[in-house]
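*Asks:* Same order as they appear, the protein sequences are chains L and W.
Note that UniProt numbering has the first sequence beginning at 1, numbered continuously upward.
Note that UniProt numbering has the second sequence beginning at 1, numbered continuously upward.
Every residue, glycine too, gets a C-beta built ideally from N, C-alpha and C.
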Amino acid sequence: QGTRYDQERLLRKSCTLYVGNLSFYTTEEQIHELFGKSGDIKKIIMGLDKVKKTACGFCFVEYYARGDAENAMRYINGTRLDDRIIRTDWDAGFKEGRQYGRGRSGGQVRDEYRQDYDAGRGGYGKTVQ
Amino acid sequence: SNSSLESNLEGLAGVLEADLPNYKSKILRILCTVARLLPEKLTVYTTLVGLLNARNYNFGGEFVEAMIRQLKECLKVNMYNEAVHLVRFLSDLVNCHVIAAPSMVAMFENFVSVIQEEDVPQVRCDWYMFAFLSSLPWVGKELYEKKDAEMDRLLSQTESYLKRRQKIHVPMLQVWTADKPHPQEEYLDCLWSQIQKLKKDRWQERHILRPYLAFDSILCEALQHNLPPFTPPPHTEDSVYPMPRVIFRMFDYTDDPEGPVMPGSHSVERFVIEENLHCIIKSHWKERKTCAAQLLSYPGNNKIPLNYHIVEVIFAELFQLPSPPHIEVMYTTLLIELCKLQPGSLPQVLAQATEMLYMRLDTMNTTCVDRFINWFSHHLSNFQFRWSWEDWSDCLTQDLEKPKPKFVREVLEKCMRLSYHQRIIDIVPASFSVLSPANPVCIYKYGDESNRSLPGYTVALCLTIAIKNKASNDEIFSILKDVPNPNQDDDDDEGFTFNPLKIEVFVQTLLHLAAKSFSHSFSALAKFHEVFKTLAESDEGKLHVLRVVYEVWKNHPQMIAVLVDKMIRTQIVDCAAVANWIFSSELAHDFTRFYIWEILHSTIRKMNKHVLKIHKELEETKARLARQHKRRDSDDDDRSSDREDGPLEEQIERLQEKVESAQSEQKNLFLVIFQRFIMLLTEHLVRCETGGIDVFTPWYKSCIERLQQIFLQHHQIIQQYMVTLENLLFTAELDHHILAVFQQFCALQA
């Protein structure tokens, strides 16, 4: 109970967003350009495959001001980057280690079990491959 | 549908009447809030109040009193936009038989009498005039029927005020400098034309939805209240009135030949539609899907070309000067939502609008062109960059500095930032390659063996190896010690004087090694922060660092921008250095490019935020001290001493100094910028005059509008410096072209 309350408090004050459904080829520069439209960005941390250490389709965007992050949630969430609808969500804050995918193969969990073919995310899901 | 609205209103009135004994204050509060915040539903709620008043006269009276209190509060705290909604609500209550028409006229007489006050800003009189005129579409007919002589007098006073008020500020706020096809009218002038036409039409207004008409038999039985005499609160030093506006028009009845006819620019219908659509955006801007749905469900859909009105209103806000009412990116996603909801019609209107805006680029204000570029490139990135570029081939034959090719270049550059270089090459026809952005690669001058004759080449190699081997700052310093200073013959022992070659070798090498991504470059800046600080200690050092950054990354303006941002935040360079760099001759070639101005305005914003931050710290510390005093005062213990104040008082003194120093830096930044503009523009004007050539080149238009942009975008801060600016920089000896910009700015809040 305590940790859930803490977690919710962190989320309410957070200036950090988790960004998902990126293409593996989307660069930090593209993310900076798009998310910069809602305010000054403090830091971008690219999500990496734990084994390959290459981009695996997610990232964290931290703003200086909470209001700027809120505007990103309002106006960038659900729009396209690299022609993919990206999703943003509040994040409690980056901690070392969270930049790595937690799927067994090193990427994100969703790419382990995916059945469809997604050219921007390594093709078929890992279990299918 | 209307009948369900009526039965809902009747039902609701019944429920609320029953609740009045127990929940009266809550109901009053909610209704007052609705009046203030939901102006687009004004007539629905005035009808409700009318029905309640008919059932409970006392409640009606209390509501009117509460509204007047709320109005006074709003005016006191400079909430003028909300105040207009309240005035309009009150005036519509005349139509609902809640307020007696003569007392409303009396209130308007008090409003209009403000124009006779002496020594008050014009914008104050403007507001009261606007509050009066903008209520007339709703209540003009009723007021004129009951008090035509008084109304005629008011209208004639209005006319003479509007004739004599100054309009120096208008050119600064216009989106286009040309009057064709649609003149950019000042908002009060436009509204006046609309009211005059309404009067000519005998106050017949058919667009506004008036639910109270269906309840006429009930409402006309109700007893009316008189508004208490209302004295406009006096002007104070703290009063901040709304900025003047220009009415943005891009469509008329010729643009949608197949659909319903668009009401004319001076019709009151046009005013009401635009007001309501603006109000809907104001109510729902935080939720783009709701906002889009609410806009599209605006009543009267089949009688007016709603899509055209919506697109026009959205662009009106996007292009509004000084600033859009809401964050720019909101409008982009709102338009995307609208396209999703009306896929068969809205995208075509948007394409038509884009085409029209493109056609009129030659006379479009530079700041508005910036916004057009940002909007269009972001929009395209959501639609696979599909566009009929060939339709714009006319721009290919023009000088690249002309507005149309410039616009296309900047759009393509922004599109590239949202994707990647090859994508842009692929999406445009081959003929457009001259406008395509450069491949954003780093230029390393020591990269090739063929450059080995360059001074510093060997040191660069040394540095490269050292950095790759994770050298420390000290090791870097010792390598750099060997770099001769081309500027002076005698060596400084410490080597800490300005040495451009040291800076060049170090910055070039480091940026080249860290070129892979923004994160790599930021890490490099952080790791070697000490070296940077030392090399860039002097003002010339800072300027040179910026120059080298530009030389390395001139193909990648986005990288330049993020590096400059980081260097300011880590205090490697300061804001004044960036300003001087932007106006330096090395950057003259890029002076009219969009990214330069993004960097400058971002720099100014950082400076402003810094001042606010320290000021806030100071206020918070003062508050802490005050609380400490209060605690001590309420303590009976006489032994508590002033010693406890010591550390806090010291902190306050330190913060006070910090605030003063920051404010001084901020003022200096603006002075530097204005000074450089004046020098640059004067040079151009003198050259043209002596050469007998036309002043008005594309460069000049861009430059003078960039100067305007500084004033407009930071007007609140700059207001503090008016005396200095007038006495030091914008004096009477200045060329009238430049002085005009300053005078227009002064006129904005005069």
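According to DSSP, simplified to helix, strand and coil, what is residue 207 (chain W)?
*Replies:* What you label residue 207 (chain W) is simply residue 207 of the second sequence in a count that begins at 1. Here residue 207 (chain W) sits in coil by DSSP.
*Asks:* Give me the residue from W:425, W:506, W:198 with the minimum Cα distance to residue 476 (chain W).
*Replies:* Your numbering for residue 476 (chain W) matches position 476 in the second sequence. Here the closest residue by C-alpha is W:506.
*Asks:* Which chain L residues sit within Cβ distance under 8 Å of residue 518 (chain W)?
*Replies:* Here the question's residue 518 (chain W) lines up with position 518 in the second sequence. By Cβ distance, chain L contributes 28, 29, 32, 44.
*Asks:* Quick check: the Cα distance between residue 495 (chain W) and residue 481 (chain W), rounded to an integer number of angstroms?
*Replies:* The sequence position of residue 495 (chain W) within the second sequence is 495, counting from 1. The sequence position of residue 481 (chain W) within the second sequence is 481, counting from 1. Because residue 495 (chain W) carries a pLDDT of 48, less than 50, the predicted location of this residue cannot be relied on, and the following value inherits that uncertainty. Taking the straight line joining both Cα atoms gives about 7 Å.
*Asks:* If we define contact as Cβ-Cβ less than 7 Å, is residue 79 (chain L) a contact residue for chain W?
*Replies:* The sequence position of residue 79 (chain L) within the first sequence is 79, counting from 1. For residue 79 (chain L), the answer is yes, since a Cβ of chain W falls inside 7 Å of its Cβ.
*Asks:* Using 7 Å as the limit for Cβ to Cβ distance, is residue 121 (chain L) near chain W?
*Replies:* As a working mapping, residue 121 (chain L) is identified with position 121 in the first sequence. Output row for residue 121 (chain L): interface = no.
*Asks:* According to DSSP, what are the bridge partners of residue 176 (chain W)?
*Replies:* For the purposes of this step, residue 176 (chain W) is taken as the residue at position 176 of the second sequence. Its beta-bridge partners are W:364.
*Asks:* Is there a Cβ from chain W that is less than 7 Å from the Cβ of residue 71 (chain L)?
*Replies:* Looking up residue 71 (chain L) in the first sequence gives position 71. At least one chain W Cβ lies under 7 Å of residue 71 (chain L).
*Asks:* Per DSSP, what kind of secondary structure is residue 17 (chain L) in: helix, strand or coil?
*Replies:* Your numbering for residue 17 (chain L) matches position 17 in the first sequence. In the structure shown, residue 17 (chain L) sits in a strand (DSSP, three-state: E or B).
*Asks:* Would DSSP call residue 127 (chain W) helix, strand or coil?
*Replies:* Indexing the second sequence from 1 puts residue 127 (chain W) at position 127. Residue 127 (chain W) falls in the helix class under three-state DSSP.
*Asks:* The alpha helix (DSSP H) that contains residue 550 (chain W), what's its start and end?
*Replies:* Against the second sequence, residue 550 (chain W) aligns to sequence position 550. That run of the alpha helix (DSSP H) goes 539-553.
*Asks:* Report yes if the CB atom of residue 536 (chain W) is closer than 7 Å to the CB atom of residue 548 (chain W), and no otherwise.
*Replies:* As a working note, residue 536 (chain W) is residue 536 in the second sequence. As a working note, residue 548 (chain W) is residue 548 in the second sequence. Against a cut-off of 7 Å, the Cβ pair of residue 548 (chain W) and residue 536 (chain W) comes out as no contact.
*Asks:* Determine whether the beta carbon atoms of residue 437 (chain W) and residue 410 (chain W) lie at a separation below 7 Å.
*Replies:* To locate residue 437 (chain W), count along the second sequence from 1; it is residue 437. To locate residue 410 (chain W), count along the second sequence from 1; it is residue 410. No; because the gap between Cβ atoms is not below 7 Å, this pair is not in contact.
*Asks:* Straight-line CA distance for residue 75 (chain L) to residue 226 (chain W)?
*Replies:* On the first sequence, residue 75 (chain L) is found 75 positions in, with the first residue counted as 1. On the second sequence, residue 226 (chain W) is found 226 positions in, with the first residue counted as 1. Computed Cα separation, rounded: 46 Å.
*Asks:* Applying the 10 Å Cβ sphere with the 16-neighbour rule, what's the burial state of residue 565 (chain W)?
*Replies:* The residue labelled residue 565 (chain W) in the question sits at position 565 within the second sequence. Per the 10 Å Cβ criterion, buried.
*Asks:* Considering only C-alpha positions, which residue in the set W:435, W:416, W:363, W:373 is nearest to residue 397 (chain W)?
*Replies:* Taking the first residue of the second sequence as position 1, residue 397 (chain W) is located at position 397. For the residues W:435, W:416, W:363, W:373, the minimum Cα distance to residue 397 (chain W) belongs to W:435.
*Asks:* Looking at chain W, is there any beta carbon in it that lies within less than 7 Å of the beta carbon of residue 113 (chain L)?
*Replies:* Position 113 of the first sequence, counting from 1, holds the residue named residue 113 (chain L). False, the Cβ-Cβ gap to chain W never drops below 7 Å.
*Asks:* Just checking my contact of residue 82 (chain L) with residue 17 (chain L) at CB under 8 Å: how many whole Å lie between their CB atoms?
*Replies:* Residue mapping note: residue 82 (chain L) aligns to position 82 of the first sequence, counting from 1. Residue mapping note: residue 17 (chain L) aligns to position 17 of the first sequence, counting from 1. Going by Cβ atoms, the distance from residue 82 (chain L) to residue 17 (chain L) rounds to 17 Å, so no, they are not a contact pair.
*Asks:* Could you tell me how far apart the beta carbons of residue 233 (chain W) and residue 128 (chain W) are, in whole angstroms, since I believe they sit closer than 8 Å?
*Replies:* Within the second sequence, the letter at position 233 stands for residue 233 (chain W). Within the second sequence, the letter at position 128 stands for residue 128 (chain W). Not confirmed; about 11 Å, so no contact.
*Asks:* Tell me the DSSP secondary structure of residue 385 (chain W) in three-state form.
*Replies:* Translated into positions along the second sequence, residue 385 (chain W) becomes position 385. DSSP places residue 385 (chain W) in coil when its eight states are reduced to three.
*Asks:* Could one say the Cβ of residue 74 (chain L) lies closer than 7 Å to chain W's Cβ atoms, at least one of them?
*Replies:* Within the first sequence, residue 74 (chain L) is the residue found at index 74, counting from 1. Yes, residue 74 (chain L) counts as interfacial toward chain W.
*Asks:* Based on the DSSP secondary-structure assignment, which residues constitute the bridge partners of residue 88 (chain L)?
*Replies:* Position 88 of the first sequence, counted from the start, is the residue given in the question as residue 88 (chain L). Looking at the DSSP assignment, residue 88 (chain L) forms a beta bridge with L:19.
*Asks:* By the DSSP assignment, the alpha helix (DSSP H) with residue 188 (chain W) in it spans what residues?
*Replies:* Here residue 188 (chain W) refers to the residue found at position 188 of the second sequence. 187-200 is the extent of the alpha helix (DSSP H) around residue 188 (chain W).
*Asks:* Out of W:560, W:699, W:445, point me to the one whose CA is closest to residue 509 (chain W)'s CA.
*Replies:* Indexing the second sequence from 1 puts residue 509 (chain W) at position 509. Of the listed residues, the one whose Cα sits closest to residue 509 (chain W) is W:445.
*Asks:* Kindly indicate the opening and closing residues of the beta strand (DSSP E) around residue 291 (chain W).
*Replies:* As a first step, residue 291 (chain W) must be located in the second sequence, where it is residue number 291. Here residue 291 (chain W) belongs to no beta strand (DSSP E); instead the alpha helix (DSSP H) covers 288-296.
*Asks:* Name the chain L residues whose beta carbon is nearer than 8 Å to that of residue 28 (chain W)?
*Replies:* Mapped onto the second sequence, residue 28 (chain W) falls at position 28. Simply none; closest approach about 32 Å.
*Asks:* Residue 37 (chain L) versus chain W: which residues are under 9 Å apart at the beta carbon?
*Replies:* Taking the first residue of the first sequence as position 1, residue 37 (chain L) is located at position 37. Chain W residues near residue 37 (chain L): 327, 328, 329, 332, 374, 378.
*Asks:* When the Cα of residue 189 (chain W) is compared with those of W:472, W:525, W:211, W:165, which residue comes out closest?
*Replies:* Here the question's residue 189 (chain W) lines up with position 189 in the second sequence. Nearest option by C-alpha distance: W:165.
*Asks:* Residue 83 (chain L) CB to nearest chain W CB: under 7 Å?
*Replies:* Residue mapping note: residue 83 (chain L) aligns to position 83 of the first sequence, counting from 1. So, interface residue.
*Asks:* Which same chain residues, not among the five before or five after residue 363 (chain W), have their C-beta less than 8 Å away from its C-beta?
*Replies:* What you label residue 363 (chain W) is simply residue 363 of the second sequence in a count that begins at 1. Within the same chain, residue 363 (chain W) has close Cβ partners 176, 177, 178.
*Asks:* Below 8 Å on C-beta distance, what does residue 419 (chain W) contact in chain L?
*Replies:* Here residue 419 (chain W) refers to the residue found at position 419 of the second sequence. Residues of chain L passing the Cβ test: 30, 82.
*Asks:* Which chain L residues sit within Cβ distance under 8 Å of residue 286 (chain W)?
*Replies:* In the second sequence, counting from the first residue as 1, residue 286 (chain W) sits at position 286. Those within 8 Å of residue 286 (chain W) in chain L are 74.
*Asks:* On the three-state DSSP scale, how would you describe residue 745 (chain W)?
*Replies:* Residue 745 (chain W) sits at position 745 when you count from the first residue of the second sequence. Three-state result, residue 745 (chain W): helix.
*Asks:* Kindly list the residues whose CB is nearer than 6 Å to the CB of residue 676 (chain W), restricted to its own chain and excluding five residues on each side of it in sequence; keep chain order.
*Replies:* Working through the second sequence from its first residue, we reach residue 676 (chain W) at position 676. Around residue 676 (chain W): 583.
*Asks:* The alpha helix (DSSP H) spanning residue 63 (chain L) covers which residue range?
*Replies:* Translated into positions along the first sequence, residue 63 (chain L) becomes position 63. Where residue 63 (chain L) is concerned, there is no enclosing alpha helix (DSSP H), although the beta strand (DSSP E) it sits in stretches over 55-63.
*Asks:* Could you tell me which residues DSSP pairs with residue 90 (chain W) in its beta bridges?
*Replies:* By 1-based counting over the second sequence, the position of residue 90 (chain W) is 90. Note: residue 90 (chain W) sits in no beta bridge, so no partner.
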